[in-house]
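Data first, discussion second: the structure below is written as structure tokens.
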Amino acid sequence: MKIPVTRQRSESLFKTALTYFPGGVNSPVRAFRSVEGSPLFMKRGDGCYVWDEDDNRFIDFCCSWGPLILGHNHPSIYARVMDAMSNGSSFGTPTALENELAELILSRNPFIDKIRFVSSGTEAVMSALRLARGFTGRNKVVKFEGCYHGHVDSMLVKAGSGLATFGTSSSAGVPESYASETIVLPLNDETSLRDCFERYGEDIACVIIEPIPANNGLLLQDASFLKSLREICTDSGALLFFDEVISGFRVGFNGAAEYFGIQPDLITYGKILGGGLPVGAYGAREEVMNCVAPDGPVYQAGTLSGNPVAMAAGIAQLTECAKDGFYEDQQRRTELFVGAINSHSREKGYNFELVTIGSIFWLSFDGKKRIQRADQIDSDMSAFSALFSALLSRGIYLGPSGYEVGFISNAHTEEVLSHAIQAFCESLDEIFA
Ligand SMILES: Cc1ncc(COP(=O)(O)O)c(C=O)c1O
Numbered sequence: 046m047k048i049p050v051t052r053q054r055s056e057s058l059f060k061t062a063l064t065y066f067p068g069g070v071n072s073p074v075r076a077f078r079s080v081e082g083s084p085l086f087m088k089r090g091d092g093c094y095v096w097d098e099d100d101n102r103f104i105d106f107c108c109s110w111g112p113l114i115l116g117h118n119h120p121s122i123y124a125r126v127m128d129a130m131s132n133g134s135s136f137g138t139p140t141a142l143e144n145e146l147a148e149l150i151l152s153r154n155p156f157i158d159k160i161r162f163v164s165s166g167t168e169a170v171m172s173a174l175r176l177a178r179g180f181t182g183r184n185k186v187v188k189f190e191g192c193y194h195g196h197v198d199s200m201l202v203k204a205g206s207g208l209a210t211f212g213t214s215s216s217a218g219v220p221e222s223y224a225s226e227t228i229v230l231p232l233n234d235e236t237s238l239r240d241c242f243e244r245y246g247e248d249i250a251c252v253i254i255e256p257i258p259a260n261n262g263l264l265l266q267d268a269s270f271l272k273s274l275r276e277i278c279t280d281s282g283a284l285l286f287f288d289e290v291i292s293g294f295r296v297g298f299n300g301a302a303e304y305f306g307i308q309p310d311l312i313t314y315g316k317i318l319g320g321g322l323p324v325g326a327y328g329a330r331e332e333v334m335n336c337v338a339p340d341g342p343v344y345q346a347g348t349l350s351g352n353p354v355a356m357a358a359g360i361a362q363l364t365e366c367a368k369d370g371f372y373e374d375q376q377r378r379t380e381l382f383v384g385a386i387n388s389h390s391r392e393k394g395y396n397f398e399l400v401t402i403g404s405i406f407w408l409s410f411d412g413k414k415r416i417q418r419a420d421q422i423d424s425d426m427s428a429f430s431a432l433f434s435a436l437l438s439r440g441i442y443l444g445p446s447g448y449e450v451g452f453i454s455n456a457h458t459e460e461v462l463s464h465a466i467q468a469f470c471e472s473l474d475e476i477f478a
């Protein structure tokens, strides 16, 4: 059922925000530049729902871009956070809560021996790249076109020309000399990878990849490609770096490393780890982590690292995630949702499919199904924009960009999902009519 989305208060708040912040926002994708209208200002979330400042209610599939795997305002996160807060918000000293979160993770995770908590995914990647360079004594980093690793200078690069190319900066303010330490390769292309290592292998500190690339559509990789990556890194002495800021605690408690059965040398986490508060982390085997200050020569620090309130939120969230059957149930409900929408789309002959893994889904148009490389994405996002608006008017909120994935949380019950399926089917009928 369609309901008009009134935006008076959101529009007025946005007008004011434009006078305070570049583009009116504190992170660019929030600006609604690739969809119609101005951003919705949210004021409340509960379970799978969010309410905006004009009191419109939406089923939320953005889930704060991934962290909220239990939905909004989960009672155990709320209770732990309030308890931690009542004892003081920050000390700048070690606390027992850091040990508790580390224990929760490391006792279940066979891929890392030690971990360091930081305050964002970007900070985790930046720190882990420094560690890779410090540990190996090498400077070059290989990344893949289409993977996003936060706004670290050396990761804001795109491929130049040629097969195995040094990157050129993709943001003003990133010196070409930084970008040139990054080699950018196409995803899922073993030949380019081998060529690159033949030429530069001895200088490569690490290969960083989102093992489940989910920032430019959902570019599901062949497991054989990821396994080759492991072998090639081992042969050349480069570290294999899985950036699991999205996939960590999402496709299973131990993320993509566990999903594919591949041992990386470095892993970064973020999003779900912090239960909706700002936490990132990097981890590795003991020998690598021993290079980090104060044990070793690689410097990294943070005033609010391991913040007790954020740790408490992470502990509450991961305790739920670690329960038996949590991920199986997530996957079952996601498959139900995706399956129903895809069969409607197939029956009607629409050029649309939801691509999925774990409890992540991506809206794929124009036959671009199961693409594996960034250059296969259609830059025309007009169909996404139309579907976004049609869904919004039926009470469904997605992240406002066709490059981004959607997330299903524990709070998206079968009943809620059946409403969402109906809204998707009606919206598809409307835009493809
Ligand atoms: C794979 C990956 N790495 C790193 C980051 C950066 O994390 P943050 O936004 O917390 O800095 C993101 C953010 O979306 C991400 O998806």
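Sequential numbering from 46 applies to the sequence shown in this note's numbering. All C-beta atoms, glycine included, are put in the ideal place defined by N, C-alpha and C.
If we require 3 or more residues per run, which beta strand (DSSP E) segments fall completely within the segment 255 to 297? Counting whole runs of 3 or more residues, the segment 255 to 297 contains the beta strand (DSSP E) stretches 284 to 288.
*Any heavy atom of ligand 1 closer than 7 Å to the Cβ of D288?*
Flag set: Cβ of D288 near ligand 1.
Under 8 Å, do A357 and D128 count as touching if we go by C-beta distance? At a Cβ-Cβ threshold of 8 Å, A357 and D128 count as neighbours.
- Taking the beta strand (DSSP E) that S409 falls in, what are its first and last residues? Per DSSP, S409 belongs to the beta strand (DSSP E) from I405 to F410.
What would DSSP say about E81, mapped onto helix, strand or coil?
In the structure shown, E81 sits in coil (DSSP, three-state: anything other than H, G, I, E or B).
G304 Cβ short of 7 Å to ligand 1 heavy atom set: The amino acid occupying residue 304 in the given sequence is Tyr; Gly does not appear at that position. Checking every heavy atom of ligand 1 against the Cβ of Y304, none is found closer than 7 Å.
Based on the DSSP secondary-structure assignment, which residues constitute the bridge partners of W96?
W96 pairs with R89 and R102.
Problem set entry | Reference A329, options A124, I157, K60 and G384, closest by Cα | Nearest C-alpha to A329: I157.
Item to check | Proximity to H457 [Cα-Cα], best of G444, S409, Q376 and N387 | outcome: For the options G444, S409, Q376 and N387, the alpha carbon positioned closest to that of H457 is the one of Q376.
To the nearest whole angstrom, what separates the beta carbons of F162 and G440, a pair I think is in contact under 8 Å?
The Cβ separation is near 37 Å, so there is no contact.
Point to revise | Cβ of L443 within 8 Å of any chain B Cβ | key: Here there is only one protein chain, and chain B is not present.
| For G179 and V343, the rounded distance between their alpha carbons | Computed Cα separation, rounded: 6 Å.
Indicate, with yes or no, if ligand 1 has a heavy atom lying under 7 Å from the CB of E255. E255 Cβ: within cutoff of ligand 1.
Is any heavy atom of ligand 1 found at a distance shorter than 7 Å from the C-beta of W407?
-> No.
| message | Counting C-beta neighbours from all protein chains within 10 Å, is the total for Q479 16 or more, i.e. buried, or is it exposed? | response | As shown, the chain starts at 46 and ends at 478. That puts residue 479 outside it, with no answer to give.
Practice problem: Using DSSP bridges, identify the partner residues of H117. | Solution: Paired residue(s): G92.
* Taking Cβ to Cβ, would you say H196 is nearer than 8 Å to T167? -> By the CB criterion at 8 Å, H196 and T167 fall inside the cutoff.
#### Entry: C251 - partner residues in DSSP beta bridges
Answer by DSSP bridge pairing, in chain order: V186 and L284.
Open item on the list: Once the 5 residues before and after A431 are set aside, which same chain residues still bring their CB inside 7 Å of it?
Closed with: If we look at A431 and ignore the five residues flanking it on each side, its Cβ neighbours are I476.
field: Pairwise C-alpha distance: M87 and V95
entry: When rounded, the distance between both Cα atoms is 7 Å.
Quick check: does the Cβ of T279 come within less than 7 Å of any heavy atom belonging to ligand 1?
No - ligand 1 has no heavy atom lying nearer than 7 Å to the Cβ of T279.
**Request:** Would you mind reading off the limits of the beta strand (DSSP E) that contains L311?
**Result:** L311 to Y314 is the span of the beta strand (DSSP E), which, as asked, contains L311.
- Query: Could you give the distance in angstroms between the alpha-carbon of S216 and the alpha-carbon of V202?
  - Reply: In this model, S216 and V202 are separated by some 7 Å (Cα to Cα).
Helix, strand or coil at R175 [DSSP, three-state]: Note: R175 maps to helix in three-state DSSP.
Review point. From what residue to what residue does the alpha helix (DSSP H) around Y223 run?
Key: Annotation for Y223: the continuous alpha helix (DSSP H) segment containing it runs E221 to A224.
Residue from V400, T236, A147 and K60 with nearest C-alpha to A385
Nearest C-alpha to A385: V400.
* To do: Flag S165 as yes when its Cβ comes closer than 7 Å to any non-hydrogen atom of ligand 1, and as no otherwise.
  => Taking 7 Å as the cut-off, the C-beta of S165 counts as close to a heavy atom of ligand 1.
Next on the checklist: Output needed for S472: all residues of its chain with C-beta closer than 7 Å, excluding positions within five of it in sequence on either side, in chain order.
Outcome noted: Taken in chain order, the residues that qualify are L432, A435, L436 and R439.
Flag this pair as touching only if the segment 301 to 316 and the segment 276 to 292 have three or more C-beta atom pairs under 8 Å; answer yes or no. Under the three-pair Cβ rule at 8 Å, the segment 301 to 316 counts as touching the segment 276 to 292.
Exercise. Using only the heavy atoms of ligand 1, determine whether one of them is closer than 7 Å to the beta carbon of K193.
Key: One point to set straight first is that residue 193 is Tyr, not Lys, in the sequence displayed. Relative to ligand 1, the beta carbon of Y193 is positioned inside 7 Å of a heavy atom.
- Query: In terms of alpha-carbon separation, which member of S273, S225, S214 and K188 lies closest to P231?
  - Reply: Closest option to P231, Cα to Cα, is K188.
Query raised in the report: When you compare each of C93, G111, Q53 and I48 to E449 by their alpha carbons, which one comes out closest?
Result: For the residues C93, G111, Q53 and I48, the minimum Cα distance to E449 belongs to G111.
*asked:* Please classify L208 as buried or exposed, where buried requires at least 16 other C-beta atoms within 10 Å of its C-beta.
replied: Residue confidence for L208 is low, a pLDDT of 49 falling below 50, so the modelled location carries little weight; the figure read from the coordinates is stated next. L208 is classed as exposed because its beta carbon has fewer than 16 other beta carbons within 10 Å across all chains shown.
- Message: Looking only at its chain, what residues have a beta carbon closer than 7 Å to the beta carbon of I405, apart from the 5 residues adjacent to it on each side?
- Response: Excluding residues up to 5 positions away in sequence, A259, L263, R295, V450 and F452 lie with their Cβ nearer than 7 Å to the Cβ of I405 in the same chain.
| query | Is DSSP giving A209 helix, strand or coil here? | reply | Caution applies to A209, whose pLDDT of 49 falls short of 50 and renders its modelled position unreliable; the value that the coordinates give is listed next. Residue state, collapsed to three classes: coil.
Next on the checklist: A301 and Y314 - do their beta-carbons sit closer together than 8 Å?
Outcome noted: No, these two residues do not count as a Cβ contact at 8 Å.
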